[in-house]
Amino acid sequence: MTTNKNKKDTGGGPLKGVRVIELGSTVAGPFCARLMADFGADVIKVEQPEGDAVRSMGTRRDGQSLYGASIFRNKRLVSINMRQEEGRELVRRLCLGADIVVENFRPGTLERWGLGYDDLSKENPGLVLVRISGFGQTGPYSSRSGYGVVGEAVSGLREITGDPDRPPPRVATSLTDYITGLYGAFGAMMALVERNRTGIGQVVDSALYESAFSFMEPHVPAFQQLGLVAQRAGSRLPGNTPNSIYPTGDNRFVVIAAASDPVFRRLAAAIGKPELSESPNFATAVARAKNEDECDLIITEWARSKSVEEIESELLAANVPAARIYTMEDIFADPHFKERDMLVDVEDPKLGDVTMAGVVPKLSGTPGEIWRAGAQCGEDTYDVLGEELGLSVDQINQLESNSIVKGPEQISADVENKNQKQPAGAVE
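Just so you know, we're using the working numbering here: the sequence shown kicks off at 556 and counts up by one.
Now the structure itself:
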């Protein structure tokens, strides 16, 4: 694991000098801005006084959100009550000095608050506004509330997930929120490129259901041309055989992907059945797809006679793509994750070293970095209001007394009160 012990003011990377205001909450918006922060953008995250909902998701240690420590990393965090006009005015001033604003409120909310793109771009014409929502900013469903799982349902992606004889399950993470946040960040980068040519910003409309639907690409023309409705296929990839998971002799599972003809020939030799590559049922990819049950049965019988280590070793030697289904314990023990800096220890004042997922992708010239763990709600309120908006100490104190903003002293008191309600060292 790599270790980042020295807290800095900002990180480095190709986005250094780009100012981002994050108004989003939960996962999609914060992840979108986190991607930019990893590559050097100065991200100021605005939270409501009660804090982002992510802080109550996942696991906690001693009252501290472990999820928040990662997804809020590399950001400056301020707490402003946007339900009050005075709070919205503070946010407006922050947005007028930004290159990018990220938000994932229900469509129309920013407009009601006087913070819509038309309002902000009058004074900041170069602004890029990333808008993340369930169904987009237009269309008959635009006013619907939506979470990632709802987007998956509407997109059709959920229907093709899981085994055909069971209800469609979910992945145990906020998959579509992450996909949509990624599209939002990608759109923001394209908008910045265009702004470099024209000086004019634009709106990036990133919808949860559309982001999930984009992964349905092969099934769209199949329905239009042939009337084929995609179905759940379990661990298989339809029309691509063998490409599935197989049980091992030591009660693990291994993925084997050997659908191309050259790779299948190597697999057949590795399992001691080179004649399979000459059989009419298995000689070609099209033939194997038509006989996938028989093909998978042969591979399953072989895999059940081996341990997962034996399978990986033999197939690696044969140049056949395969791997065990990793657990988090496997990941922490794996040398490749360590060498690629995908497990990074970042110092947190409350938790000590916190290990989090590393920066993706890897840039050779201007790589991203993790320079700070996600802080508490309002941790940087005083500094941001003073340095960025020029407010005096008295002005900030007055805002705090009127419950318009929340600073680190209030945060510490809130956390202390909450911690007193649970046993010391408790893990929620």
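In this text, a Cβ means the ideal position worked out from N, Cα and C, and glycines have one as well. Values in this document were obtained by computation on a predicted structure and should not be read as measured data.
Nearest to P719 by alpha-carbon distance, out of E942, L792, E894, M771, is L792. In the structure shown, E902 falls within a strand segment according to DSSP collapsed to helix, strand and coil. Here the alpha carbon of F768 sits roughly 7 Å from the alpha carbon of G711.
Burial is judged here by how many other beta carbons sit within 10 angstroms of a residue's own beta carbon; Q931 has at least 16 and is buried. Boundaries around T910 are those of the beta strand (DSSP E), 907 to 912, since no alpha helix (DSSP H) includes it.
Residues R643 of the same chain have their beta carbon placed closer than 6 Å to that of W668, with the five preceding and five following residues left out of the count.
Under DSSP, F837 shares a beta bridge with no residue.
Judged by DSSP secondary structure, A877 falls within the beta strand (DSSP E) whose first and last residues are 877 to 879. In this structure, the CA atom of E943 is about 24 Å from the CA atom of A746.
Counting along the chain, D732 sits inside the alpha helix (DSSP H) bounded by residues 730 to 753.
Non-local beta-carbon contacts of A785 in its own chain, meaning distances under 6 Å to residues more than five positions away in sequence, involve I715, H774 in chain order.
Between S860 and D805, the C-beta spacing is not below 8 Å.
About 16 Å separates the Cβ atoms of L632 and C650, ruling out a contact at the 8 Å cut-off.
By the neighbour-count definition (other C-beta atoms within 10 Å, threshold 16), E658 is a buried residue. Nearest C-alpha to P876 among P797, G913, M911: P797. DSSP places A888 in the uninterrupted alpha helix (DSSP H) bounded by 883 to 888. V601 is bridged by DSSP to V633. Contact between I687 and C850 does not hold, since the beta-carbon distance rounds to 42 Å and is not under 8 Å. Fully enclosed beta strand (DSSP E) runs of no fewer than 3 residues occupy 798 to 802, 808 to 812 of the region 776 to 824, in order along the chain. Taking 3 residues as the minimum length, the beta strand (DSSP E) runs contained wholly in the region 607 to 690 are 630 to 635, 655 to 658, 683 to 688, in order along the chain. The three-state reading of DSSP puts E577 in strand, counting E and B together. In the DSSP annotation of this structure, S958 is not part of any alpha helix (DSSP H), being labelled neither H nor E. Its Cα nearest to that of I635, the residue R647 stands out among D760, Y733, R647. Shown here, A858 sits in a helix according to DSSP, grouped into three states. Shortest Cα-Cα distance from D903 to any of L590, T803, L621, A840 involves L621. In the DSSP assignment, D760 is bridged to R686. Between the alpha carbons of M612 and L730 lies a gap of roughly 15 Å.
With at least 16 other beta carbons inside 10 angstroms of its own, N629 counts as buried.
In this structure P662 is not in contact with S700, their Cβ atoms being roughly 10 Å apart against a cut-off of 8 Å. For the pair Y764 and F690, the CB atoms are nearer than the 8 Å cut-off. With a beta-carbon spacing of about 7 Å, A873 and A824 fall inside the 8 Å limit used to define contacts. A contact is defined here as three or more CB-CB pairs under 8 Å, and the region 829 to 839 fails this definition with respect to the region 897 to 912.
Residues L946, I951 of the same chain have their beta carbon placed closer than 6 Å to that of L940, with the five preceding and five following residues left out of the count. Relative to the Cα of Q619, the nearest Cα in the group S958, P963, E955, G929 belongs to G929. The alpha-carbon separation between T728 and Q692 amounts to approximately 25 Å.
Counting other Cβ atoms within 10 Å of its Cβ, A608 stays below 16 and is therefore classed as exposed.
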